Amino acid sequence: MDILLQQIINGLVQGSVYALVALGYTMVYGILGLINFAHGEVVMIGAMIALTALQALLAAVVAPVLAVLLSLLVAMAVCMALGYSIERIAYRPLRNAPRLAPLITAIGVSIVLQNLAMMIWGREYHSFPLPFTSTSHQIGGAVVNDVQIGIVVVALLIMVGLMWLVHHTRTGRAMRAVAEHPAAATLMGVDINRVISVTFMLGSALAAIAGFMVSANYGIVHYYMGFMLGLKAFTAAVLGGIGNLRGAMLGGVLLGLIESLGAGYIGDLTGGFLGSHYQDVFAFFVLIAVLVFRPSGLLGEKLAERA
Amino acid sequence: MKLHRSSGHLTLAIALLALPFIIDALLGHGWVRIADFALLYIMLALGLNIVVGYAGLLDLGYIAFFAVGAYTYALLGSPQFGLHWPMFVTLPLGALIACGFGVLLGAPTLKLRGDYLAIVTLGFGEIIRIFLNNLNAPLNITNGPQGISAIDPLQLGGFSFGSSYQWMGIKIDDVHLHYYLFLVFTLLVIFVSRRLEDSRIGRAWVAIREDEVAASAMGINTRNIKLLAFAMGATFGGISGGLFAGFQGFVSPESFSLMESIMVLCMVVLGGMGNVGGVVLGGVILVALPELFRNAAGPVQLALLGKVVVDPESLRMLMFGLALILVMLWRPAGLWPSSQRRREFDADGSVLEQEQETVYDASK
Amino acid sequence: MQICRFTLFAVLGIVLVACGNNETTSTAASDELVIRIGAAAPLTGPQAHVGKDNEYGTRMAIDDANAKGLMIGGKKARFELLSEDDQTDPKTATIVAQKLVDAKVNGVIGHMNSGTSIPAASIYFKNGIPQISPSATAVKFTAQGYNTSFRVMTNDAQQGQALGEFATQVLGLKKIAVIDDRTAYGQGLADEFVKAAQASGAQIVAREYTTDKSVDFTAVLTSIKGKQPELLFFGGMDPQGVPMVKQLRALGMKTQFVMGDGGYTPKLIELAGGAEEGTYASLPGVPLDNMPSGRDFSKRYEARFHQPIQLYAPYCYDAVNVMIAAMQKAGSAEPAKYLPEVGKVVLDGVTAKISFDEKGDIKGGAVTIYQVRQGKWSAVQTMGGAPAAH
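Chains as they are written, first to last, in numbering that gives the first Met the number 0: chain A, 0 to 306; chain B, 0 to 363; chain C, 0 to 389.
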């Protein structure tokens, strides 16, 4: 029983990270209908910036809590600028181009960011210097530490905040309007370009937070870390219904749970034939099954609620 | 006019035949090998072009069919099972099995559109790779991550493409022989692609791409026609995979990663979706470009700055990424778009906008 | 029009390449013998940090040889390094191999991974160029029947056996869990470890898997926790080893943690933040400090490249020296002439006393087990020359 509980905790933590990154994919998709393939790399840049900022701040003997907050803010700011520039440079000129053109520029941006990061931060793995120890807690035989609790709580808070932003602010209303019908939104006086830029910046800020949390949780940072994470998060976004905020959250958590329970139990259930080496296969099978029966993901893309 | 055209073809034929020797003389064997890979990738890109370019179905797991073809050839022509079936059996068989997998992938996913299809195909590609990587226990089929080595070279009768021959005083190496073999297959694939393009089926694909509902109303069996696109694309991938296995003599699952699928897609889109010439161009460029940068990154820095400031290898991929972005910004419809697309693009933006809303977001 | 512009581009590119090629063919003085050593390893991608370390090790050996002013066949030898990036991709590996052959290298140090060494070996063999891999461990690499393939590293069978014997006989632990990363290296080593451990009467209570791109192992570790093993063996590299040992301890498991050579890195200690204390890892050969020529190697390496040895640099260093020794013995740097000598070389390297068996594998294959003690790798025991099991 404690093993099951532990697996559920593992899945929730992992899933919250996926969900945070998936939010970035889904926001951009909801508004532009574009898969922002470079999003995973923005997460990586966020982690790298946070690492450098944290190292510098700790070296300057800033109070630990302040250092963590400041470095997170720096990472968010840099990522927002990055997200804004990516959209301006690689996506905006192609807004009226064939749909696959921005997909290729996204892949290009992704390669460029990865190799830039390799040149700046080097090829090696870095340790992420979290300035306080993350104490472990026992819950019914299972173990969970502060950072993990933090991840789940922050992911939930961000989710709630984002829902509020989308449904109860002017910007949010503009975003929904653009998602629903760009031309009509323009006629109503919505500045589409501004809305899109804001969306990219928001998504990138979330990516920075996700990058920080992943690094804090695993303690290591590497220029290649964004690729797999981005892929998983993208899968999660589609699972929940891409374009749908609640869907991204649900898809992320579900994917995390499928992975941990799948890796934890299916091996024993099938006598070792389908073990943890098929972890990703379970995830994709569930995805395919869901899409075959619900072609728009679990929560679908209810237009009014997209974005 | 006719004479003019045939003389053009003749020049092209001579150029293609002489190419490996010209490359060899100028740049060495390494570049002939690159040309061989370019031909393999052109076949792959043309296969994907049927799915993405003609039928408008975004496939991100295309490399799986390449893998299926390669493993079929490898398993039936290596010490793994002690089988040494000849190439004229294993290659078609590989193509057939790949075709079957194409239908297998297509059937449950036909209802999906655009980006949902993309992620499912991506998942399919990964599933195939993961299975190849793990089917070494409990029963050893694929030898797992160790891969299969000592694969038989491509052979026809007693003639092996993996050896060197002396012919009228000229030494012809394995890289040259493979070039000619791959060239024959590539030309065949190009021929089939062009014929398909102009056939009833080709027009049906384009109709589906442009407007699925309208196509269906016109009496096109959209399900079968889409399945056919997957099957045809997969078949080309399977052939290319078999040739790859025979050429390399070694296959392992790491050759069939997601990045490979993405690269092939880049070839199709960058070159010009739906246009055979464009896709061929895309294949050549994307195989040659990283290798060009590999050779150029060091010397260019040396010439411009007087010393090597940045590791050439870091710069190589950076330049490759930049090139992808710049080319797409410069020519959003691809370097050499199909004439139809180019007309739409040049003539009237609204046509394109209209097309966009219907092509990929059919049921939005 | 665009085609025209493009042709221009292409021509420009080819000219650049031609320039690049010419640059390397600098003419040497007639009394000087220019010897080109090719090196191939991943210099981009996730394993780039280990690949660059390989290049550094090779470069150091070449610079040392140049500084000594060696004479080969009565001529003063000048060694040049041609380092290529194979991206851990089998296809790129064959292109790189062909390019090195084109550049008329006299020998190749590489490739780093088994998956690249195996397909590249056939190209070196066809052209008669000796290839010494510093780090490819798959048994198959030297079993392809090519007389040009050598390695200065034990293979998976040799190392897996040493590790298995250490776990079951020295540590005396019989309830064992195994994880591998599903790469050729990790899976190969883990399978050999399992074989050796089972032969000594150990019980494998869990066999789990991950990938070489994962960072979260909590699911498999939790599953393993339920089976209460005394020892966990991980076949994989340090990027996974670090988070794995951290999560292992975070889950409150006191299980012994053992890795192969992929774990014996300074990074493991630097990154794991204390969780790695007590971890075992193996490394082929004897400890650097025990070899006369090895003592100052790490010092000189750090002074030169401003980083500690990552992993295989000493093996690259030895590989180059084996090659040079064979050239000196043959009195020629021509591949065809010195190739027969490579197999006969006996060399006191920085990693071990090196000689080859008839396949090109390192003879004897001593493997040293290290443990993290007070934040430092210290040698525990050298599992001496287990006979190579093929």
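Where is the CB? At the ideal position from N, CA and C, for every residue including glycine.
Everything numeric in this text was worked out from a predicted model, so none of it was measured.
Residue interval of the alpha helix (DSSP H) (run including residue i)
i, result
"alanine 120 (chain C)", "113-125"
"lysine 98 (chain C)", "89-101"
"isoleucine 147 (chain B)", "It is not in any alpha helix (DSSP H) - isoleucine 147 (chain B) carries neither H nor E in the DSSP assignment."
"tyrosine 28 (chain A)", "1-31"
"arginine 303 (chain C)", "296-304"
"aspartate 155 (chain C)", "155-164"
"methionine 231 (chain B)", "221-247"
Burial state of residue i (16 or more Cβ within 10 Å)
i, result
"asparagine 48 (chain B)", "buried"
"glycine 348 (chain C)", "buried"
"serine 6 (chain B)", "exposed"
"valine 279 (chain B)", "buried"
"leucine 112 (chain A)", "buried"
"arginine 169 (chain A)", "exposed"
"glutamate 308 (chain A)", "No answer is possible for residue 308 (chain A): the residues shown for chain A start at 0 and end at 306."
"histidine 167 (chain A)", "exposed"
"glycine 270 (chain A)", "exposed"
"valine 319 (chain C)", "buried"
"asparagine 289 (chain C)", "exposed"
"glutamate 22 (chain C)", "For glutamate 22 (chain C), the predicted structure reports a pLDDT of 41, less than 50, and the residue's modelled location is therefore unreliable. The matter cannot be settled from this model."
"methionine 47 (chain A)", "buried"
Residues near residue i in its chain [Cβ-Cβ closer than 6 Å; skip 5 each side]
i, result
"serine 215 (chain B)", "Thr221"
"glutamine 306 (chain C)", "none"
"isoleucine 119 (chain A)", "none"
Contact test: residue i Cβ vs the ligand GDP heavy atom, cutoff 7 Å
i, result
"valine 341 (chain C)", "With respect to the ligand GDP, the structure offers nothing, as it holds no ligand at all."
Alpha-carbon spacing of residue i relative to residue j, whole angstroms
i, j, result
"alanine 233 (chain B)", "glycine 46 (chain B)", "7 Å"
"alanine 204 (chain A)", "glycine 225 (chain A)", "15 Å"
"alanine 100 (chain A)", "arginine 303 (chain C)", "46 Å"
"aspartate 85 (chain C)", "tryptophan 163 (chain A)", "50 Å"
"proline 63 (chain A)", "phenylalanine 131 (chain A)", "7 Å"
"leucine 328 (chain B)", "serine 109 (chain A)", "16 Å"
"glycine 245 (chain B)", "aspartate 172 (chain B)", "15 Å"
"valine 41 (chain A)", "cysteine 78 (chain A)", "7 Å"
"aspartate 360 (chain B)", "glycine 113 (chain B)", "Any reading at aspartate 360 (chain B) must be qualified, since the residue scores a pLDDT of 38, below 50, and its modelled position is unreliable; the value itself is stated next. So the alpha carbons of these two residues sit roughly 7 Å apart."
"threonine 57 (chain C)", "threonine 350 (chain C)", "14 Å"
"tyrosine 311 (chain C)", "threonine 115 (chain C)", "16 Å"
"alanine 47 (chain C)", "glutamate 253 (chain B)", "16 Å"
"lysine 245 (chain C)", "glycine 261 (chain A)", "22 Å"
"methionine 248 (chain A)", "alanine 236 (chain A)", "8 Å"
"leucine 59 (chain B)", "glycine 124 (chain B)", "7 Å"
For residue i, the first and last residue of its enclosing beta strand (DSSP E)
i, result
"alanine 141 (chain A)", "141-144"
"lysine 375 (chain C)", "375-382"
"proline 283 (chain C)", "279-283"
Residues of its chain near residue i, where Cβ-Cβ distance is below 7 Å and the 5 sequence neighbours each way are ignored
i, result
"tyrosine 70 (chain B)", "Leu131, Thr141, Val250"
"proline 85 (chain B)", "Gln154"
"glutamate 340 (chain C)", "Ala325, Lys328, Ala329"
"threonine 198 (chain A)", "Met26, Val27, Ile30, Met174"
"glycine 251 (chain C)", "none"
"aspartate 295 (chain C)", "none"
"glycine 44 (chain C)", "Gln86, Thr87"
Beta-carbon proximity list for residue i, same chain, < 8 Å, skipping 5 on both sides
i, result
"arginine 193 (chain B)", "Val275"
"glycine 127 (chain C)", "Thr147, Pro334, Ala335, Leu338"
"valine 219 (chain C)", "Ile178, Glu207, Tyr208, Thr209"
Using a Cβ cut-off of 7 Å, which residues of the stretch 109-127 of chain C contact any Cβ in chain B, in chain order? Result list: Gly114, Ile117, Pro118, Ser121.
Identify each residue in the stretch 263-292 of chain A for which the Cβ-Cβ distance to at least one residue of chain B is less than 7 Å, and report them in chain order. Within the stretch 263-292 of chain A, those residues whose Cβ lies closer than 7 Å to any Cβ of chain B are, in chain order, Phe272, His276, Tyr277, Asp279, Val280, Phe283, Leu286, Ile287, Leu290, Val291.
Residues, ordered as in the chain, of the stretch 183-208 of chain C that lie near chain A by beta-carbon distance below 8 Å: So the list reads Arg206, Glu207, Tyr208, given in the order they occur along the chain.
Please list the residues of the stretch 231-261 of chain A that have a C-beta atom closer than 8 Å to any C-beta atom in chain B, keeping them in chain order. Per Cβ criterion, the list reads Phe233, Thr234, Val237, Ile241.
Please list the residues of the stretch 244-269 of chain B that have a C-beta atom closer than 7 Å to any C-beta atom in chain C, keeping them in chain order. Cβ proximity to chain C below 7 Å picks out Gln247, Gly248, Phe249, Ser251, Glu253, Ser254 from the stretch 244-269 of chain B.
Quick one: which residues of the stretch 303-331 of chain B get their C-beta closer than 7 Å to a C-beta of chain A? List them in chain order. Those residues of the stretch 303-331 of chain B that come within reach of chain A (Cβ to Cβ, closer than 7 Å) are Val309, Ser313, Met316, Leu317, Phe319, Gly320, Leu321, Leu323, Ile324, Met327, Leu328, Pro331.
Taking a cut of 7 Å between CB atoms, which residues from the stretch 333-350 of chain C lie near chain A? Flagged: no residues at all.
Name the residues in the stretch 95-119 of chain B whose C-beta lies less than 7 Å from a C-beta of chain A; which are they? Within the stretch 95-119 of chain B, the residues whose Cβ lies closer than 7 Å to some Cβ of chain A are Pro107, Lys110, Leu111, Asp114, Tyr115, Ile118, Val119, listed in chain order.
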